[in-house]
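Below: one structure, written as structure tokens.
The structure is reproduced here in structure tokens:
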């Protein structure tokens, strides 16, 4: 059971994360270049009427940093630079992904490239990426230099994995023979690497030994894989009013998500119909029905659930403690019950 | 006088830089993702027949790192990670700039986006950017941790300046009232910051005191400003067979370069004709003639020369020594005598 106190603590963490993110962007950009600052603020959702547009992200990765740090016995406030850094990396990748995927909407609002054009959006993403790297170095103000340097290197290696995953994701668009094995390889880079690093940096900030850091990293990796499976699920069966994008878009754009690849591997009626391009919006309902009949919906749900179970089993090995442990377990469960 | 020995030393540096760059990209990408690796190799010019295509850049920034380190009394080999890092940052910015400027050619070859499409080019630039950040951290293998962390932070702040300069450069395209003052502010970020940091990181790698590091930084800044003025000069009066791009492109695209802004400020016949868009290739010759008559060519040359003199005057304050000092002075003079 998670008590009210736990919810309160989560809110304290979320507020601290938002402050740290604002500080990071403000410190670096406000006076020097108010216009570039404005683009980044817009993307982060700090400009609009929040209640109406719900523009803010869920801040899952920075929460994971702070909770992992705290559950591992550390002082979560020392992990704030790492928390802000992973969220900045995540948002840099969103700005660039939206260009690469030609996505006009995010959280129901125009994407950066749609609003400012592709050149300024590429550049704004680069600025956000730089802010992430600048932020993580601030760990050196709170933890020993050697640990800080290690954290910096881990985050950077993760960014490289991100670009490798993104390369594959883009390359998959040009092929019809993508296997489920290749899919997981892509997801390792595109999604799991940063979630793994979020948990891992929490443990590093808590000055854990190497083995414990690895367990948190591995817990985060499984969580990241589950997160992507669930994202793919919501891309077809999610509530578009909540996700802020059309729940048919993944099928119309021909994206090779986990349920689609399951259907293609199954080589049944779904595969036969899906292969016929373009997929007109009128055909989507029937495609979804076929995928359900052939077991693609259940397969994706079960895969996400099984990864979540593995992740939690893994986490036990690090002997997490306190309210942060409860929150970590709740966050993990919530991931596959989420609707957005 | 620069002896043959100096030329030989320069070649040793250039070879070491190329090895370090190849090691950096190879170490990080080769096995994991051969295709992404191939894109970066192509951009760096390691795939073609060099004699024919001259694809390699001039490696001015990394040379500046090593020469500054050596002239400041340090061991240039310890500065190699910094040298590779600044060149990787430079090349990341080229990959993205080529997309943002819609440039199809670089060094006479198709740009990355032209060859692999915009999405993969954005991602390849992100990968190159990440490699730069990974590389500079390797300074910690050779110099004290505190100095390495300082170098990391300086490079990252420089990257932020780069994106601020790039923001302004893109924004200038939408305005006809750009002043020469605003131009220099843009150049500080887009060009001078990284050249300044190249010299500065050389001094840091030589473990110089703060004042000496600042002098090298300031020398590099003036050099960077001169470099951009000369680049603008070559963009109109350069030999297109050597630069690998049309020497009329800066006028046709309406770029606000230093000579153009001089002409606009002059508000004479050049300004009257330049303002009439589009600028058809047939009109370019006459525009160049007008700019020359009104003094824009001479102004740009003099500005570059005067900045070079200032840079060299500044450098004396750091008491550089050895053959590296001679090479540093030669490199500085060569910058405004270059044709590409």
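Chains as they are written, first to last, in the working numbering: chain A, 1 to 340; chain B, 341 to 680.
A virtual CB, placed ideally from N, CA and C, is assigned to each residue, including glycine.
Owing to the predicted nature of the structure, the values given are computational and were not obtained by experimental measurement.
Chain A contact for residue i (CB, 8 Å cutoff)
i             : result
residue 382/B : no
residue 467/B : yes
residue 553/B : no
residue 449/B : no
residue 460/B : yes
residue 483/B : no
residue 507/B : yes
residue 565/B : no
residue 492/B : yes
residue 365/B : no
residue 409/B : no
residue 497/B : yes
residue 424/B : no
residue 537/B : no
residue 371/B : no
residue 544/B : no
Any C-beta of chain D under 8 Å from that of residue i
i             : result
residue 523/B : In the displayed structure, chain D is absent; the protein chains listed are A and B.
Minimum Cβ-Cβ distance from residue i to chain B less than 8 Å
i             : result
residue 54/A  : Bear in mind that a pLDDT of 49 at residue 54/A, under 50, signals an unreliable position, so the number given afterwards is only what the model happens to contain. For residue 54/A, the answer is no, since every Cβ of chain B falls outside 8 Å of its Cβ.
residue 179/A : no
residue 133/A : yes
residue 130/A : yes
residue 170/A : yes
residue 90/A  : no
residue 208/A : no
residue 229/A : no
residue 389/A : Here chain A covers residues 1 to 340 and nothing more, so residue 389/A does not appear.
residue 19/A  : no
residue 137/A : yes
residue 99/A  : yes
residue 35/A  : yes
Distance CB(residue i)-CB(residue j) smaller than 8 Å
i             : j             : result
residue 80/A  : residue 20/A  : yes
residue 505/B : residue 476/B : no
residue 667/B : residue 349/B : yes
residue 607/B : residue 561/B : no
residue 681/B : residue 502/B : For chain B, the structure presents residues 341 to 680; residue 681/B sits outside this window and is missing.
residue 508/B : residue 120/A : no
residue 572/B : residue 598/B : yes
residue 485/B : residue 145/A : yes
residue 576/B : residue 628/B : yes
residue 468/B : residue 431/B : yes
residue 122/A : residue 439/B : yes
residue 678/B : residue 568/B : no
residue 523/B : residue 595/B : no
Cβ-based neighbour list, residue i, same chain, cut-off 7 Å, excluding 5 preceding and 5 following
i             : result
residue 114/A : 104
residue 212/A : 72, 203 and 318
residue 134/A : 28
residue 395/B : Summary for residue 395/B: the model assigns pLDDT 43, below 50, so the residue's position carries little reliability, and this model does not support an answer.
residue 216/A : 68, 72, 199, 200, 202, 203 and 318
residue 609/B : 630
residue 483/B : 418, 545 and 547
residue 312/A : 329 and 332
residue 74/A  : 205, 206 and 207
residue 611/B : 603 and 604
Close-in-space but distant-in-sequence residues of the same chain around residue i (CB under 8 Å, 5 per side omitted)
i             : result
residue 478/B : 421
residue 124/A : 36, 39, 40, 43, 95, 112 and 116
residue 331/A : 60, 63, 64 and 67
residue 218/A : 196 and 314
Distance between beta carbons of residue j and residue i, contact taken as under 8 Å
i             : j             : result
residue 423/B : residue 406/B : 5 Å
residue 130/A : residue 500/B : 5 Å
residue 226/A : residue 308/A : 5 Å
residue 634/B : residue 603/B : 6 Å
residue 676/B : residue 644/B : 5 Å
Cβ neighbours of residue i in the same chain (closer than 6 Å, five flanking residues each side left out)
i             : result
residue 11/A  : none
residue 24/A  : 84, 131 and 135
residue 480/B : 488
Check: residue i C-beta below 7 Å from any heavy atom of the ligand HEM
i             : result
residue 411/B : Annotation note on the ligand HEM: not contained in the displayed structure, which lists no ligands.
message = Within 8 Å, do at least three Cβ pairs link the segment 630-641 of chain B to the segment 537-544 of chain B?
response = Remark: fewer than three beta-carbon pairs, one from each stretch, lie closer than 8 Å, so the segment 537-544 of chain B and the segment 630-641 of chain B are not flagged as touching.
ask   = With a cut-off of 8 Å, do at least 3 Cβ pairs link the segment 662-671 of chain B to the segment 397-415 of chain B?
value = With the cut-off at 8 Å, the segment 662-671 of chain B and the segment 397-415 of chain B touch.
query = Given 8 Å as the limit, is there contact between the segment 86-106 of chain A and the segment 142-154 of chain A, that is, 3 or more CB pairs closer than that?
reply = Per the Cβ contact rule, the segment 86-106 of chain A is not in contact with the segment 142-154 of chain A (fewer than 3 Cβ pairs under 8 Å).
task = Evaluate the contact criterion for the segment 86-98 of chain A versus the segment 430-443 of chain B: three or more CB pairs, one atom per stretch, below 8 Å.
result = Touching, no, given that fewer than three Cβ pairs across the two stretches are closer than 8 Å.
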